[in-house]
Amino acid sequence: MVEQDVVYRAGTSGIETYFADDVTIQSNEVAETVPKARGADSNGIDADKATTKVVVQYNWSHGNGDGILLCQFVFGDVVLRYNVLAGNTRYPLYLHSDKASKATVYGNTLYNDRGKNLVYGYGTSLTSSYAITDNILYSTTAGASLTTSSTIRYDSNLYGGATLPVPSGDAHAARADPQFTGTPDYTVGTPASGPRLTAAYGLRVRAGSPAVNRGVVISGNGGRDYAGTPLYTGKPDIGAFEVG
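Sequence positions in the sequence shown follow this note's numbering and run 50 to 293.
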């Protein structure tokens, strides 16, 4: 269990699993990770090589290069749920895994206000299996990249903000303003305060949001949302916050 940490301005990767089995990464704040030693990476959280039964949930990842990197070389399986990713400058969600791995990505809120991508992957990294469901994918930048592939299954996501190239495979897509209650606060937690998870609360949605009651039921969902609200109150809501 890796939880309740503040990881600030680390080099390369804030929290990373590598040849690791049965790890839960939860309720951490990871901010402003930077490249180091001429490396390319600057990710908040990374489920990396040969990571199995890894759950990444309830984390606040902001101001990094990549919000969360899925770099499951060799093999692996990861569940990524009820995280808030905002203000990341390169790839909020970076898909970069081998074909023997899989990832289930649901109930997250991705808020892009600093780059030209939302979900990104390329080449052989797209031979992995990715299920991307019930997420809010929001960008202030028009045309932000949402990589598509026959191995990426988008379903019941809400796409909002500037005009986005909504994946044609998402037959249940909602194209709408999610009606956030505010904006994220990028002030970082301290050793005294611990992770400032509430700084992401500006990305909760209003009761009348088109994200409410629009998602699909996912079994074994952990039982609560980013803020600790029980799942589900009514039909499933899209994004990291359950409204009811």
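No residue lacks a Cβ here, since even glycine has one placed at the ideal position from N, Cα and C.
In this text, all values refer to a predicted model and were calculated from it rather than measured experimentally.
Assumed close pair residue i, residue j - CB separation to whole angstroms, cut-off 8 Å
i    : j    : result
V266 : P244 : Contact flag wrong, Cβ pair sits at about 29 Å.
Given residue i as reference, the closest of the options once Cα atoms are compared
i    : options                   : result
H221 : F229, R202, Y57 and T236  : R202
Y235 : L118, T66 and G136        : G136
G172 : Y179, K165, H145 and A152 : H145
R163 : G277, V128, Y179 and H111 : H111
R139 : D115, S217 and G60        : D115
R273 : N132, M50 and F229        : N132
V237 : I74, E52, E78 and A225    : E78
R130 : I185, V215 and S178       : I185
V123 : V154, A149 and T61        : A149
D183 : G264, T278 and Y208       : G264
G60  : V154, I94 and D226        : I94
Beta-carbon spacing of residue i, residue j below 7 Å
i    : j    : result
T82  : S76  : no
A89  : G125 : no
A193 : N166 : yes
Y143 : L118 : yes
A260 : G288 : yes
T190 : A211 : yes
Residues near residue i by beta carbon distance below 6 Å, same chain, minus five either side
i    : result
L246 : W109
N270 : L280
R253 : T230 and F290
Any non-hydrogen atom of the ligand SAM closer than 6 Å to residue i Cβ
i    : result
R273 : In terms of ligand content, the structure shown is empty, and the ligand SAM therefore cannot be addressed.
**Prompt:** What beta strand (DSSP E) runs, 3 residues minimum, are completely inside the region 88-130?
**Reply:** Counting whole runs of 3 or more residues, the region 88-130 contains the beta strand (DSSP E) stretches 92-96, 100-106, 109-111, 115-119 and 125-130.
**Message:** In chain order, what are the residue ranges of uninterrupted beta strand (DSSP E) at least 3 long that sit wholly in the region 134-167?
**Reply:** Runs found: 140-144, 150-155 and 158-161.
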